[in-house]
Amino acid sequence: MCGIVGFTGLRHAAPVLLDGLKKLEYRGYDSAGLAVMNDGVLSVKKVSGRIANLCEITKDGNTMPGEVGIGHTRWATHGAPTEENAHPHLSNDGKFAIVHNGIIENYIKLREELTERGYHFDSETDTEVIVHLLEMYYKGDMRKTLIKVVNRLKGSYALGVICADEPGKIFAAREASPLIIGLGLDENYFASDVTALVSNTRNVIYMDDGDFAELTSDSVVIFDGTARPVEKKSSRINWDVQAAEKGGFDHFMLKEIMEQPAAVKATTAPRIRKGRIDFEEIDISAAELAGIRKIVITACGSAYYAGCAGRYALEKLTGIPVETELASELRYSDPLIDEHTLVIVISQSGETADTIAAMKECRAKGAKVLAIVNVVGSTVAKLADYTVYTWAGPEIAVATTKGYTTQVTVLYMLSMFFAEKLGRISGKEYDRLMVMITRLPRHIQQAIDMNPRVTELAKKYHKSKALFFIGRNTDYAVALEGALKMKEISYLHAEAYAAGELKHGTIALIEEHTPVIALCCNRKIMEKTLSNIVEVKARGAEVLALTFRDNQKILSEADDLLFMPKVDEIFSAVIEILPLQLLAYHVAKENGCDIDKPKNLAKSVTVE
Ligand code: M6R
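In this note's numbering, the protein residues as written are 8 to 615.
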């Protein structure tokens, strides 16, 4: 997973490309590069490390003249994050430069063939074969050449190309990796994500798989695999530039945590009409719904944990059995899925390779797929039978926060929507839950208001060797996400356990002062979690409990307390997660970690 940008216009390209790359840095941040064309000559600059290094060696792009160019920010897959392996890659004759996001699966064979034909390779990347294929096939017609080249590739690509013989032009191609064309005035662009485009234009075209594009400063031609032009509708991006900027916060993660009341409101409000939930985007009849024997939720990472948190409401309200399965497992498990299964896939980016593969597998088995996704026009959104956007706005921090809460919120709303369609919820219960849905943003804000107290607690816990998160049922689902947040940004060892499982092994790890974060917001089973708190206390643990103010028994057992707004457990996960996001954030800050760009990670995982 990498980010690519391209520019053609009447002004200096390199600063525009650098600006775009900075916006895409969340996609990969181990090396970067630019290629610019000036008077028919290509020049390339590459660095290992961050975009800041590229800005430095090019004096913010000013040392690279030219009005046409491409850029790349990398998350290494094939070959270490060195300058040689950074993109753009150049052809041996110096005529072509390319940037690529994706994986070329048959690159070894192609590399052997090209080496035999006398092409030499400067990098260990899979990408480099593409630029030599371009040189090999080029006979003066770039469109035909590009088609020939991609016909030789197996895998995924968003590809950007410049050619010294084609002044003023940038070329692009897409297969299973995101690529968006930006339409400007006397200039045009492409990028992996709209965040890289919004400071220049809000008018975009989402490319589809199999599309190619040829851009000049005043024209955009999209063509297909037969070189025939294809008509494409343009879309308007309706969020503003500030949405993708830090806006005075130290980190995107903190900004995005704070945005959650508004994000959840953006998810819920458009779907509530006259006191009822209506998903216009789900064209599924009551009869079809009644034919569904099970629901399978599949996703990766936090999106999977969102599924774990939402499944309780879905199962309880619809009466349909709900299974959750990691997409990376489901894709190879020959799952028992058929036309009577509804598969719900969840993905913030809509680009996660395992999630896409799992959804393809499920569709091949006859299931209908409903996608809960944030990024508009993403692969998951395009492949699904029903696409429900979370409308959370751009999420830049690698650690997801508003992405997660809006996904869980959609699951809550789907539970009510389906239950009503199936006639399995009473009017009274529906109205009670409706009040809770409309109050979610307010309750989330109340949880955010604990920030000062959580900041203090982070000072107490940040030096811990390991932290344990325990809970049962919905609380356990939240514990899983809380522990993941802690691990990925603070690098502390954090594990989530179903509280009842502790005594089957893990309790052996509890020693004097081990922090145990106990989630006790599920009234029906609080007593049970309390007994686990007592057990870990007896072995020296320091317990931080999240619970309600009136929970006297826990008040007397826990060392530290965070009081949650009073909510029914059926919808509590989106509120309970807030203090855990904040705790992870402040612990990571205390430990001086690079919060928005944690080591070894990138925002979307487009490789297996
Ligand atoms: O874009 P997706 O929601 O499909 O991403 C899935 C996971 O990679 C993602 O949730 C990951 O676990 C987050 N970085 C966790 O904060």
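Yeah, the Cβ is synthetic: ideal placement off N, Cα and C, and Gly gets one too. Note that this is a predicted model, so its numbers are computed, not measured.
At least one heavy atom of the ligand M6R sits closer than 7 Å to the Cβ of residue 309. Under the DSSP assignment, residue 493 falls in the alpha helix (DSSP H) whose first and last residues are 481-497.
DSSP places residue 411 inside the alpha helix (DSSP H), whose first and last residues are 409-428. In terms of Cα proximity to residue 595, the closest of 497, 583, 143 and 569 is 497. For the 8 Å CB-CB criterion, residue 527 and residue 557 do not form a contact.
The residue from 46, 45, 38 and 83 with its alpha-carbon nearest to that of residue 61 is 38. Contact check between the region 534-544 and the region 504-514: three or more CB pairs, one atom from each, fall below 8 Å, which counts as touching. Residue burial annotation: residue 459 is exposed, with fewer than 16 other C-beta atoms found within 10 angstroms of its C-beta. For residue 520, DSSP records no beta bridge to any residue. Burial check for residue 314: the Cβ neighbour count within 10 Å reaches 16 or more, so the residue is buried. Within the same chain, Cβ atoms closer than 7 Å to the Cβ of residue 9 are found at 34, 35, 79, 80, 81, 82 and 108, the five residues on either side in sequence being excluded.
Comparing alpha carbon positions, the residue from 382, 130, 265 and 330 closest to residue 453 is 265.
Distance from the CA atom of residue 440 to the CA atom of residue 160, rounded to whole angstroms, is 51 Å.
Here the region 124-141 makes contact with the region 149-158; the two share three or more CB pairs at distances below 8 Å. Within the model, the alpha-carbon separation for residue 24 versus residue 334 is close to 35 Å.
For residue 203, the closest C-alpha among the options 583, 402, 340 and 554 is that of 402. Taking every protein chain shown into account, the CB of residue 207 has 16 or more other CB atoms within 10 angstroms, so this residue is buried. Here the region 162-178 does not lie against the region 347-355, with fewer than 3 beta-carbon pairs under 8 Å apart.
For the 8 Å CB-CB criterion, residue 472 and residue 500 form a contact.
8 Å or more divides the Cβ of residue 214 from the Cβ of residue 408. For the 8 Å CB-CB criterion, residue 394 and residue 380 form a contact.
In this structure residue 503 is in contact with residue 486, their Cβ atoms being roughly 4 Å apart against a cut-off of 8 Å. Your pair residue 131 and residue 162 does not check out as a contact, with CB atoms roughly 16 Å apart and the cut at 8 Å.
Secondary structure at residue 26: helix, using DSSP grouped into helix, strand and coil. Residue pairing for residue 347: DSSP places it in no beta bridge. DSSP, read as helix, strand or coil, puts residue 34 in helix. For residue 583, the enclosing alpha helix (DSSP H) covers residues 580-597.
The Cβ neighbour count for residue 69, taken over all protein chains shown within 10 Å, is under 16; the residue is labelled exposed. An exposed status is given to residue 124, since fewer than 16 other beta-carbon atoms sit within 10 Å of its beta-carbon. CA-CA distance, residue 289 to residue 375, rounds to 11 Å. Uninterrupted alpha helix (DSSP H) stretches at least 4 residues long and entirely within the region 71-152 occur at 114-123 and 135-144, given in chain order. Counting other Cβ atoms within 10 Å of its Cβ, residue 298 stays below 16 and is therefore classed as exposed. When the beta-carbon positions are compared, residue 598 and residue 469 come within less than 8 Å of each other. Taking the Cβ of residue 491 as the reference point, at least one heavy atom of the ligand M6R falls within a distance shorter than 7 Å.
Pairing residue 590 with residue 388, the inter-Cα distance amounts to about 32 Å. Taking a 10 Å sphere around the C-beta of residue 192, we find fewer than 16 other C-beta atoms and assign the residue as exposed.
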